[in-house]
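What follows is a short report on a single structure.
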Amino acid sequence: MKEVIGVSFEEGRIYYFDPNGHKVKENVTVIVETEQGLQFGTVKIPLTEVPENKIKSPLKKVIRVSTKKDFTQYKKNQKDAIEAKETCQKIADEQKLNMKIIDASYTFDRDKLIFRFLADNRVDFRELAKELAKIYKVRIELRQIGVRDKAKEVGGYGPCGRKLCCASFLKDLDTVSINMAKNQNIALNPTKINGACGRLMCCLKYEDDCYTKCRSNMKKIGDKIETEYGTGTIQSLDILNQKYKVEVPEYGIVEVDKK
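Position one of the sequence shown corresponds to residue 1326 (this note's numbering), numbered consecutively onward.
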């Protein structure tokens, strides 16, 4: 087990950090070391222990509990980043780059200015980056986000009638595979299993473990099975209700419980 602190940034996802001797309470703001540089974050999980195999090592450290001066700097960074976003979009339009700037953010120490953008195709933004570097005198990073991230940013409603999971409560966009749809006996019709982003719906993952467990002790389609009507061939499975539809010679299709 390892002692950690869970910290969240503006996007909402929680990351683990080495407390570095700090025992801070929930909602306290801190300055932490990240791969991007120093960042201002909020403690969402106070000092706790988690299994080491759940942590990506080595952990970055909590540098300090934030001060009033830190908070003032953080708010200035936010304000300047909004202006930088507008400037970036203006220059991109002047350079006729087909891209939409979603947001901009400074690292806390203002060592780097990061822009995220949407585009249907790859964009050659080298000249844009040079122009931005001349203006802001910091390292510039432009990140093109994917279609799933685009749906999260734009929002909308799914076929269930609710707001898109990624735009409401889902923080981590986990991998979703076609095997999950197959595992749940869902027809492989793109209009039925693809979300607003055009990729497989995230909700396919929610019940996959349950279906996998229910399937584990069931026979497969095509297997022979003994029924009260005689030996037949399994045509389909009702996984959650633990039933088979079986074709029995001279009787046709019959439904039987899993034995």
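Built from N, CA and C at the ideal position, the CB exists for glycine as well.
Pairing lysine 1327 with isoleucine 1380 gives a Cβ-Cβ distance under 8 Å. C-alpha of arginine 1338 to C-alpha of tyrosine 1554: approximately 56 Å in a straight line. For aspartate 1434 and glutamate 1377, the gap between their C-alpha atoms comes out near 30 Å. Here lysine 1404 carries a helix assignment [DSSP, helix/strand/coil]. Sequence-distant partners of glutamate 1456 (beyond 5 residues in either direction) whose C-beta falls short of 6 Å from its own C-beta, in its chain, are Ile1416. The beta carbon of valine 1329 sits closer than 6 Å to the beta carbons of Tyr1341 and Val1375 from its chain, once the five residues preceding and following it are set aside; these are given in chain order. Burial is judged here by how many other beta carbons sit within 10 angstroms of a residue's own beta carbon; threonine 1397 has fewer than 16 and is exposed. Per DSSP, reduced to three states, the secondary structure at phenylalanine 1396 is helical. Annotation: threonine 1537 is outside any beta strand (DSSP E); the continuous alpha helix (DSSP H) that includes it extends over 1533–1540.
Fully contained in the region 1473–1499 is no beta strand (DSSP E) run of length 3 or more.
Glutamine 1364 sits in a strand when the DSSP states are folded into three classes. Across the structure, glycine 1366 and threonine 1354 are spaced so that their CA atoms are roughly 6 Å apart. In terms of CA proximity to alanine 1454, Gln1414 leads the group Asp1474, Arg1473 and Gln1414.
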